[in-house]
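**Q** What follows is a single structure, and I will ask about it in a moment.
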Amino acid sequence: MDTPLRLEVIIASVRPQRFAPVVADWFLRRARADADFEVGVIDLLDTPLPLDLTDSPEVQAFRQRVGAADAFVAVTSEYNHGYPASLKTAFDSVKREWRGKPIGFVSYGGLSGGLRAVEQLRQVVAEIHMVSIRETVSFHEAKRKFDAEGETRDGAAIDAADRMLRQLAWWAAALRTARAADPYPGS
525 MDTPLRLEVI IASVRPQRFA PVVADWFLRR ARADADFEVG VIDLLDTPLP LDLTDSPEVQ
585 AFRQRVGAAD AFVAVTSEYN HGYPASLKTA FDSVKREWRG KPIGFVSYGG LSGGLRAVEQ
645 LRQVVAEIHM VSIRETVSFH EAKRKFDAEG ETRDGAAIDA ADRMLRQLAW WAAALRTARA
705 ADPYPGS
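FYI, in my numbering the residues of the sequence shown are 525 to 711.
Given below as structure tokens:
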């Protein structure tokens with residue numbers, strides 16, 4: 525690859541005292557160590573949601589950031605068996621910029637580890653014409669999985685993150701090439 529793939533990591537939780545930064549920072553260290561990716565962060569706590577549907581500077585900046593990305597990873601919690609409303613609002617705030625791009629998920633929560641949220645999100649991203657990466661990173665009882673420095677010894681999660689990044693790079697490169705040769709058809 526001549527130029528690195530642009531990966532935007534979306535931090536979904538906007539709750540006070542959220543655990544999201546611990547999980548996101550761990551994943552960001554892994555992603556930034558991968559030479560295939562140039563990594564950015566879209567923290568929805570710092571994104572003025574809901575974005576109005578006008579051409580405000582905030583909407584334009586968000587639209588450009590999403591449009592320039594080759595791939596995404598959503599770091600998401602699970603609240604009441606579902607994903608955060610902030611993430612759905614972000615998906616709904618722009619349209620064509622998501623299309624024909626892959627997305628992976630890093631989830632965390634209690635006993636389910638956020639997997640119920642991820643399964644719901646797969647339906648949402650399919651509707652906006654994204655490719656959902658099958659490999660998922662999941663932290664069950666997440667607060668017990670990280671030490672004081674934000675590291676984990678969860679071998680399954682570490683292995684899943686590495687596999688997901690490989691799959692994400694494959695899809696991102698293939699879809700970037702396809703979009704350059706023939707733009708994704710609109711509807």
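For each residue, glycine too, the CB sits at the ideal point set by N, CA and C.
In whole angstroms, what is the alpha-carbon distance linking Pro608 and Arg646?
**A** 14 Å
**Q** Who does His664 pair with in a DSSP beta bridge?
**A** Gly633
**Q** Quick check on this structure: which residue in Pro707, Leu531, Val583 and Phe663 has the alpha carbon closest to the alpha carbon of Gln559?
**A** Checking the sequence, you will find Ala at residue 559 rather than Gln. Restricting attention to Pro707, Leu531, Val583 and Phe663, the CA atom closest to the CA of Ala559 is found in Leu531.
**Q** Would you call the CB atoms of His653 and Tyr603 closer than 9 Å?
**A** No, the Cβ-Cβ distance between His653 and Tyr603 is not below 9 Å.
**Q** Looking only at DSSP bridge pairs, what is Leu531 linked to?
**A** Its beta-bridge partners are Val563 and Ala595.
**Q** Do Phe629 and Ser656 have their C-beta atoms closer together than 9 Å?
**A** Yes, the pair counts as a contact, with Cβ atoms nearer than the cut-off.
**Q** Measuring only from the beta carbon, is Met654 closer than 8 Å to any heavy atom that is part of the ligand HEM?
**A** As for the ligand HEM, it is missing from this structure, which has no ligand bound.
**Q** Among Glu675, Asp549, Ala698 and Ala585, which residue has its Cα nearest to the Cα of Lys625?
**A** Ala698
**Q** Mapping DSSP to helix, strand and coil, what is Pro540?
**A** coil
**Q** Using CA atoms only, rank isn't needed, just tell me which of Val597, Gly633 and Gly674 is closest to Asp686.
**A** Val597
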